[in-house]
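Please read the structure below before turning to the comments.
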Amino acid sequence: IPPGTFIAEAEQAGLINLIDYHVLELALQYLSENNHSVNKIAVNISGKTINDENLVSHIIDLISTYKVAPESIIFEITETAAVADILVASKIMKDINSIGCQFALDDFGIGFSSFYYLKQLPAQYIKIDGAFIRNITSNLDDQLFVQAISTVSAGLGKKTVAEFVENEEALDLIRKYGVDYAQGYHIGKPQAEPQTSYHK
63 IPPGTFIAEA EQAGLINLID YHVLELALQY LSENNHSVNK IAVNISGKTI
113 NDENLVSHII DLISTYKVAP ESIIFEITET AAVADILVAS KIMKDINSIG
163 CQFALDDFGI GFSSFYYLKQ LPAQYIKIDG AFIRNITSNL DDQLFVQAIS
213 TVSAGLGKKT VAEFVENEEA LDLIRKYGVD YAQGYHIGKP QAEPQTSYHK
């Protein structure tokens, strides 16, 4: 069942944190069983779940249960607009950072508040939304926007990830703009059990 068919309803019903916790446990179990071949794993966390006061203790318990290195875990915050309390979210993220885990802001650039979240939330990675990458080889506006995000992120000490990189020309261009990592069909197609989450 595609996530798009139930995620919105789960959020409205207040059940999204249960889904996030279940996915997180499966991800850490997979990491534990495959730590010889997987050195990092990215796990989506809803903007609503990042405000859950139980999140930190839950993560600590799972890390202890599956004996995985916290430094191997990157939490991708989806739908940052759903973050109810930016100050609470920031504190929770800092607490999780102190354990050794890292964060990525997903789909960056969509919505008017993106740069506000970039400033307020202690994320180590910025994932540039694919809407700005798909036509980057021919669209000057997209080129300027990606350059700007890359420059600002680097100035703040954050790494950038370009989504939807689908050809060598686009890959060469984002490298030129200083983007640190790439995701997309040109790098590798989605797999049931991917070998890695980030590619340089």
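For the sequence shown, our numbering gives the first residue as 63, with consecutive numbering after it.
We put the CB at the ideal spot given by N, CA and C, even for glycine.
- In the assembly as shown, tyrosine 179 is a buried residue. Its beta-carbon has 16 or more other beta-carbons within 10 Å.
- With contacts defined as CB atoms closer than 8 angstroms, lysine 110 and glutamate 71 fail to qualify as a contacting pair.
- Lysine 102 carries a coil assignment under DSSP once its states are collapsed to helix, strand and coil.
- Only residues of its own chain outside the window of five on either side were considered, and among them Glu228 have a CB closer than 7 angstroms to the CB of tyrosine 247, listed in chain order.
- When rounded, the separation of the alpha-carbon atoms in phenylalanine 68 and tyrosine 243 is 30 angstroms.
- Taking C-beta separations shorter than 8 angstroms and ignoring five residues to either side along the sequence, the partners of alanine 144 in its chain run Glu73, Ser108, Gly109 and Lys110, following chain order.
- With the rule of 3 Cβ pairs closer than 8 angstroms, the stretch 184-195 does not count as touching the stretch 108-127.
- Here the alpha carbon of isoleucine 172 sits roughly 8 angstroms from the alpha carbon of alanine 193.
- If you check the CB distance, isoleucine 112 and isoleucine 135 do not come in under 8 angstroms.
- A Cβ-Cβ distance of about 30 angstroms is found for the pair isoleucine 198 and cysteine 163, leaving them out of contact under the 8 angstroms criterion.
- In its chain, beyond the 5 residues on either side, Asp169, Phe170, Gly171, Ile172 and Glu225 have a beta carbon closer than 7 angstroms to the beta carbon of aspartate 191.
- Distances from the CA of aspartate 157 to each of Asn116, Leu167, Glu138 and Lys220 were compared; the closest alpha carbon is that of Asn116.
- A check of alpha carbon separations from lysine 129 across Glu138, Leu167, Gln205 and Ala89 identifies Ala89 as the nearest.
- With respect to glutamate 138, asparagine 106 sits close: the two C-beta atoms are nearer than 8 angstroms.
- Per DSSP, aspartate 191 is not a residue of any alpha helix (DSSP H), being assigned neither H nor E.
- Beyond the five residues adjoining it in sequence on each side, threonine 140 comes within less than 8 angstroms, by CB distance, of Asn106, Ile107, Ser108, Gly109, Asp168 and Asp169 in the same chain, given in chain order.
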